[in-house]
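Structure first, commentary second.
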Amino acid sequence: MTPDIIIHNGALVTFDDNTPEAQALAVAGGKITAVGEDAGILALAGPQTRIVDAKGGTVLPGFIDSHVHLFGGAVELACPNLYGVSGLDAMKAVILPFAQANPDDLMIFCVMADYDILGTGKMLTRHDLDAILPDRPLAMFSPDHHTIWANTPALETAGLLQGAQVDAGSEIVMGADGLAAGALLEPGAYAPVLELTRHGGREMLGLTTGKDPVPPATPAQREMDKDVIERGLLHCAAQGITGLHLMDGNTYQLELLTELEQEGRLACRCNVPFHMKGVDPLDRLTAEAPVMRDRFQGDMVRCSHVKMFIDGVIESGTALMLEPYPGEMGQGGNAGDEVFTQDHFVACCVEADRLGFQIAVHAIGDAGVRRTIDAFEAAQSANGPRDSRHRIEHLEVMHVDDIPRLAALGIVASIQPGHAPMGHIFPPTGVSNYLHPHQLAGAYAWQTIRETGARVVFSTDWPVIPVDVMDNIKAAVAPLDLGEGWIDQSQSLMDTLASYTRDNAWVAFEEDQGGRLQVGMRADIAVMSDDLTTLAPADVTEARAVLTVCAGRVTFER
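In this note's numbering, the protein residues as written are 5 to 562.
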C-alpha cells in the first residue's frame with residue numbers, strides 16, 4: 005500500500021525490541037506500514053505521499069495521558085487563571101477585567117487558586133471574595149479541584165449560605181456567624197456552585213455525580229459542550245497527545261465524544277469510565293456499568309474502567325492518613341475524611357472485578373492507599389486472580405511496608421510527577437507542612453515503586469496541572485532536591501517516555517494495537533522539535549511537539 009505519510013530524518017524511539025531505533029516510518033490506512041532507514045522508507049513514497057522531515061527530532065508513539073478530566077479541563081482553558089497569583093490586589097487585577105469583559109456570565113469562575121493565596125495558613129473566606137466582587141457570584145477552584153471558595157452571592161445563589169446536607173467526605177465549612185465561611189470541600193459540597201458556570205456544571209457532572217444532566221441538555225447546550233470539548237482535544241493534540249484516559253465519566257460525555265468522532269472532530273482516542281460514588285448503592289454498579297461499557301466499545305471512544313475515590317487531598321486535610329496530620333491540621337485527631345465506608349468500598353471493588361472491569365481508585369494518603377490495596381486483594385481472593393491491571397491513582401504517600409504489595413498483587417501505580425512538591429509546578433515546601441518526617445520515605449516514591457517491579461504509568465490529571473507533556477516529563481527526570489528526609493526519585497528519560505506511551509497503551513489493554521512504532525500498530529505518532537536524548541534533564545522543556553498524528557490523521561502541526 006502506498007504510504008499516506010512518511011516521516012524521515014528522525015531519531016525514532018520505537019519501544020519495539022526488534023527495532024529499537026530507526027530513522028523513518030511510513031503510514032497508510034491509519035496504521036504504521038514500515039519502519040527503518042531513510043532510504044528504504046523514502047523509496048516507498050508515491051505521488052500523493054506526504055513527506056515529513058523530522059529534522060533530527062525524536063519521533064515516538066503518541067503520548068497517552070492516562071489520567072485527565074477532559075470536559076472540565078477544556079472549559080477551564082477559558083477561565084481566569086490564578087496560578088502564581090498572591091494577595092487580594094493581584095487577584096483583583098486578574099478577576100475584575102475578566103468580569104467586565106463577560107457581563108453575561110452568571111458567575112465568574114476562576115481556577116488554580118492556591119490554598120495559600122493570601123499567605124501561609126490564611127484561609128480564604130467569602131468576605132475576602134466579597135471584597136473583590138461584592139454584587140455578583142464569584143468562585144474559584146483550588147489546583148487539585150478538591151476545594152472551591154465562593155463569595156456570598158455565589159453561596160446564596162447556590163443555596164449553600166445557610167449550610168446544607170452533604171455527602172460523606174465533603175464539607176461546607178461554617179463560620180462563627182452560623183453561615184458558610186466560603187470554603188467548600190469535595191464535590192459533595194461544591195457541586196451546586198458548579199451549576200452556575202457557563203456550562204451549567206455539565207463539565208463536571210462526570211466527577212460530582214457520575215450521572216447525566218437533569219433535565220437533559222438542550223440541542224444548543226450539546227453543541228456548545230461539543231465545541232468546547234473539541235477545543236480541549238486540539239489543545240491536547242498540540243502537546244503530542246493521541247490518547248486520553250478520562251477519570252470522570254457519564255453517558256453524556258461518551259455520547260458527545262461519539263458525535264465528535266462521527267463528525268470528524270475527535271483529535272484523540274478517549275477511554276471514559278463509569279464513575280461510582282461512595283453514596284451510590286452497589287446495585288447501581290451492577291445494573292448500569294455493564295450497559296455503559298457494552299454501548300461504547302469503539303476504536304476511538306470506549307468505556308472499560310470503573311473510577312472511585314477513597315479519599316481527598318493532603319492540602320485540605322481530607323486525604324486518609326494512618327495517623328493524624330501534624331500541627332493544627334491534625335487537631336481533634338483529624339486523619340482525613342472517609343469517602344466510602346471500607347465495607348462498601350470492598351464490596352464495590354469485588355463486584356467491579358467480577359464484572360470484568362478495570363478499577364481505578366483515587367488514593368492519596370497512606371491509609372487511603374492501604375485501604376485500596378486491601379480492597380484489590382479482597383477482589384482477587386473473591387473472584388480469583390486475573391490480568392486485571394487495576395490502578396491506584398496518585399498514591400502520593402504510602403507506608404513503606406505497602407510499597408512491595410503493588411507488584412505482588414499486580415497493581416499499577418498511576419502517578420503524576422508534576423503534582424509533587426519537587427515537580428517545579430507547585431510550591432516545594434507546601435506538602436512538607438502536612439506530613440510527619442517519617443512519612444517522607446514513602447512520599448512520591450516513584451523510583452522506589454518502580455524498583456519493586458510494579459508497573460508505573462504517568463499522567464497529568466489535567467486540569468489539576470496543565471496537560472503539557474514536557475513540563476511533566478521534566479518533573480520526572482529533573483525533580484528538585486527537597487533536602488533532608490526526602491529520597492531522590494528521579495526517573496530515567498527512557499522509563500519516563502515509556503510510562504507516557506508504551507505503558508499507557510499497556511495499562512488500557514491496548515499493547516497489541518499501540519504504544520510502539522511497529523508495523524501493524526496504530527499510526528499514533530508524535531514528532532518532537534529536538535532529539536530528547538541530547539537535552540540535559542533540566543532542559544527537556546526546550547522541546548515541544550511539532551507534529552501529531554492520530555489514527556493516521558494529522559491532528560496538530562506547528
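Note that the Cβ used here is the ideal one computed from N, Cα and C, for glycine as well.
State the start and end residues of the unbroken alpha helix (DSSP H) segment that holds residue i.
i	result
residue 385	370-387
residue 77	74-80
residue 409	407-413
residue 450	450-455
residue 397	Counting along the chain, residue 397 falls outside any alpha helix (DSSP H), though it belongs to the beta strand (DSSP E) covering 395-398.
residue 496	Residue 496 -> no alpha helix (DSSP H), and no H or E assigned at all.
Can you tell me whether residue i is buried or exposed? The criterion is at least 16 other CB atoms within 10 Å of its CB, across all chains shown.
i	result
residue 301	exposed
residue 227	exposed
residue 345	exposed
residue 484	exposed
residue 90	exposed
residue 443	buried
residue 337	exposed
residue 498	exposed
residue 493	buried
residue 141	buried
residue 73	buried
residue 552	buried
residue 22	exposed
residue 471	buried
residue 538	exposed
residue 126	exposed
Could you pull out every residue in the same chain whose Cβ sits closer than 6 Å to the Cβ of residue i, ignoring the five residues on either side in sequence?
i	result
residue 430	none
residue 6	50
residue 270	264 and 304
residue 113	83, 143 and 201
residue 55	10
residue 424	448
residue 508	68, 70 and 461
residue 330	440
residue 349	379
residue 427	421 and 479
residue 534	61 and 547
State the Cα-Cα distance for the pair residue i and residue j, rounded to the nearest angstrom.
i	j	result
residue 303	residue 86	37 Å
residue 385	residue 357	11 Å
residue 31	residue 245	18 Å
residue 289	residue 555	32 Å
residue 16	residue 557	19 Å
residue 70	residue 250	7 Å
residue 353	residue 335	32 Å
residue 378	residue 365	12 Å
residue 476	residue 124	26 Å
residue 545	residue 29	25 Å
residue 194	residue 342	17 Å
residue 208	residue 48	47 Å
residue 80	residue 34	32 Å
residue 512	residue 53	32 Å
residue 407	residue 452	8 Å
residue 163	residue 221	22 Å
residue 415	residue 324	19 Å
residue 316	residue 392	25 Å
residue 185	residue 179	5 Å
residue 314	residue 457	24 Å
residue 309	residue 291	15 Å
residue 129	residue 160	14 Å
residue 593	residue 156	As displayed, the chain neither begins before 5 nor continues past 562, which places residue 593 out of reach and without an answer.
For residue i, report the span of its beta strand (DSSP E) as first-last.
i	result
residue 249	245-250
residue 177	175-178
residue 275	273-275
residue 186	184-189
residue 525	Segment: none, residue 525 is in no beta strand (DSSP E) and carries neither H nor E.
residue 152	151-154
residue 16	15-17
So, for residue i: in the same chain, excluding its five sequence neighbours on each side, which residues have a beta-carbon less than 8 Å away from its beta-carbon?
i	result
residue 307	253, 258, 275, 276, 277, 278, 296, 297, 299, 300 and 301
residue 294	359
Given residue i, which residues of its chain have a CB within under 7 Å of its CB, disregarding the five upstream and five downstream residues?
i	result
residue 402	370, 373, 446 and 449
residue 520	18, 19, 20, 65 and 506
residue 37	5, 7, 30, 31 and 523
residue 217	206, 209 and 256
residue 45	10, 12, 28, 29, 30 and 38
With DSSP as the reference, please indicate the residues paired to residue i in a beta bridge.
i	result
residue 31	9 and 36
residue 445	None; residue 445 has no bridge partner.
residue 311	279 and 364
residue 301	306
residue 358	Residue 358 is not bridged to any residue.
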